[in-house]
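For reference, the structure discussed in these notes is given below.
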Amino acid sequence: MNVNWIGLGTFVLKEINRMFRVVLQTLISPWISAVLYILIFGKVIGSRIDLIAGVKYIDFVLPGILMMNIISSSFTQVSSSLYFQRFARHIEEILVAPFSYLEMIVAYVVGGVVRGLIVGLGVYIIAIFFTEASIEHFWIFLFYAFSVSMVFSLLGLLVGLWADGFEQLNVLNIFVILPLSFLGGVFNSIYMLPEGAQTFARLNPFFYFIDGLRYSMVGISEANTIIGLFIIFISIAGLGALGWYLFKIGYKIRS
Amino acid sequence: MPDLALEIIDLIKMYGSTPAVRGVSFSIKRGEFFGFLGPNGAGKTTTINCITGIATPSEGTVRVFGIDAVTNYRETRRLVGLSPQEFNVDIFATTREILHYIAGFYGIRKRDREPKIEELLKRFELTSHAEKQFRALSGGLKRRVMLARAMVHDPDLLILDEPTAGVDVQLRHDLWRFLREINAEGKTILLTSHYLEEVEMLCGRIAIIHDGKIIAIGDKSAFISGGKKLEQRFLELTGSEQ
């Protein structure tokens, strides 16, 4: 396969430059939110809570807050970039250039992953001022941060293609990503829920993403790791294949 | 390289059940300056979009220098430069950034990009506007950026969709001179324009599309024979004048 490496690198650079052009919105805003979450939930409320699953409350919620920000940033980076390019029609610059469909997808996804990781790194640095923020299994930490941001970059790609307005662009974030993140055990152990709700919580893929990152940081896990990994790999393969097909047929980008 | 820069055979483009292009066929020889005319909504831009990859043909064949533009689209994209009718550009990017990104998209290394971009900025008198955002430029300057962008990868076939729309007289004359120069250097040019005197002056061969079909094609001399102006002939052919 003949890869347009220079084109791909330029495309990625363009996506990253776009992120830094609106740094207040793309980086500062999630970092401020993270400070507030860590301060209120971790410090203020957490100081009145005993150990949870054997760790301090602030250390328990930190991986969830971190993952929530990685998810949201990766998703928004790709969905808004692609949507605005469609809206302003400069997606045509990409369509007339010698890119394969895979290269187009890779460029958007790398942009999303980079933003997810930068936001995640910032949240982690902020957390150091409030707690130990230990990472027990560094490579597992990196794997979850990277792979989950990839999943949500791909999801952002599909929403960026599908959305016909700003309202649709935010629908998934407001009605799916945010509630499932909160219900996926950011602030509570699954064992704090009634038994029926625990079964429901185990059907929530976000529970596995947050649990995986939590395991890598504080060494406790409440989920089946195999199921978590299966969800991640299936999501990347499924969303990637669907994205590739939609680019190939030119869904909402080519008339 | 083949003799034909562009070959379109039985091109059909449907938007839902509405035909925009209905069996268009024509070819352009290497090095030709070709005028592609038609009233608004006749199918000019749709045909151009099918050549460049902005639209997918419903049926038919498009070949650029003998290469199929659908099956081997990546190869044909490198050979074509497009200056579109509408400004399809990131309005927050500067002129220099726009040219840098596009040059990169076409695989031009950074060290090779710099002199090419400087040359184009100079050629289109954009040097003093290089660091300005696209949205801050006047209509004429925006049009120049579009032209520079189309040429940044040195394409063999240049497609100019109404390049002089909204451009002042001085720039239009500069542009004509420039297009003649690059055509003389061997570039093949497909030009659409509503300024028929411009087409009459620049193009060697002309095709007229109306209602999605080619209704006339031939040498310029065939259109302006008998002392007629191209505009008069165009109006007769498209039925715009009773």
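Those sequence lines, one after another, are chains L and X. Sequential numbering of the first sequence, starting at 1, is according to full-length UniProt numbering. Sequential numbering of the second sequence, starting at 1, is according to full-length UniProt numbering. Note that CB positions come from ideal geometry on N, CA and C, so glycine has one too.
Query                                                                                                                               : Result
N- and C-terminal bounds of the beta strand (DSSP E) containing X:M14                                                               : 4 to 15
Chain L contact for X:A130 (CB, 8 angstroms cutoff)                                                                                 : no
Residue from X:G38, X:I9, X:F92 with nearest C-alpha to X:T61                                                                       : X:I9
Continuous alpha helix (DSSP H) stretch holding X:H173: start and end                                                               : 169 to 184
Backbone secondary structure at X:A42 - three-state DSSP                                                                            : coil
Where the alpha helix (DSSP H) through X:T76 begins and ends                                                                        : 73 to 79
Exposed unless 16 or more other CB atoms sit within 10 angstroms - verdict on X:P163                                                : buried
Proximal residues of chain A, C-beta to C-beta of L:N4 below 7 angstroms                                                            : Within the model displayed, chain A is absent; protein chains L and X are what it includes.
Chain-order list of residues whose beta-carbon lies under 6 angstroms from that of X:S58 (same chain, five-residue window excluded) : I12, K13, M14
Bridge partner(s) assigned by DSSP for L:L39                                                                                        : Note: L:L39 sits in no beta bridge, so no partner.
Buried versus exposed, by CB contacts within 10 Å (16 or more), X:T95                                                               : buried
Among X:H129, X:M151, X:A150, X:V152, the one whose alpha carbon lies nearest that of X:L141                                        : X:H129
Closer than 8 angstroms at the beta carbon, the chain L residues around X:E86                                                       : R89
Beta strand (DSSP E) runs contained entirely in the stretch 4 to 75 of chain L, provided each spans 3 or more residues              : none
C-alpha gap between L:V23 and L:M150, whole angstroms                                                                               : 21 angstroms
Burial state of X:F105 (16 or more Cβ within 10 Å)                                                                                  : buried
Buried/exposed call for L:G185, threshold 16 Cβ in 10 Å                                                                             : buried
Beta-bridge pairing of X:Q133 - partner residues as DSSP gives them                                                                 : X:T94
Other residues of its chain near L:L82: CB distance less than 8 angstroms, five sequence neighbours each side excluded              : I91, Y108, G156, L157, G160, L161
Alpha helix (DSSP H) segment containing residue 249 of chain X, residue limits                                                      : Shown here, chain X extends from 1 to 242; a query on residue 249 of chain X therefore has no answer.
Burial state of L:S181 (16 or more Cβ within 10 Å)                                                                                  : buried
Residue 304 of chain X in three-state terms, based on DSSP                                                                          : Only positions 1 to 242 of chain X appear in this structure, which leaves residue 304 of chain X out of reach.
7 angstroms Cβ shell around X:S193 - same chain, five flanking residues per side excluded                                           : E162, T164, V199
Where L:S147 sits in the DSSP three-state scheme                                                                                    : helix
Test item: CB-CB of X:A55 and X:I209 under 8 angstroms                                                                              : no
Assumed close pair X:L4, X:L190 - CB separation to whole angstroms, cut-off 8 angstroms                                             : Actually they are not in contact, since the Cβ atoms of X:L4 and X:L190 sit about 12 angstroms apart, beyond 8 angstroms.
Positions along the stretch 177 to 195 of chain L whose CB lies within less than 7 angstroms of some CB in chain X                  : none
CB contact below 8 angstroms: L:K56 versus chain X                                                                                  : no
Collapsed DSSP secondary structure at X:S128 in the structure displayed                                                             : helix
Cross-chain neighbours of L:R21 in chain X, by beta carbon under 8 angstroms                                                        : F92
L:K14 at chain X interface by Cβ criterion, 8 angstroms                                                                             : yes
Those residues which DSSP pairs with X:F36 across a bridge                                                                          : X:A207
8 angstroms Cβ cutoff, X:N49 in contact with chain L                                                                                : yes
In DSSP terms, what X:I28 is bridged to                                                                                             : X:L6
C-beta contact flag for X:R205 and X:G218 at 8 angstroms                                                                            : yes
C-beta atoms of L:V78 and L:G112 nearer than 8 angstroms                                                                            : yes
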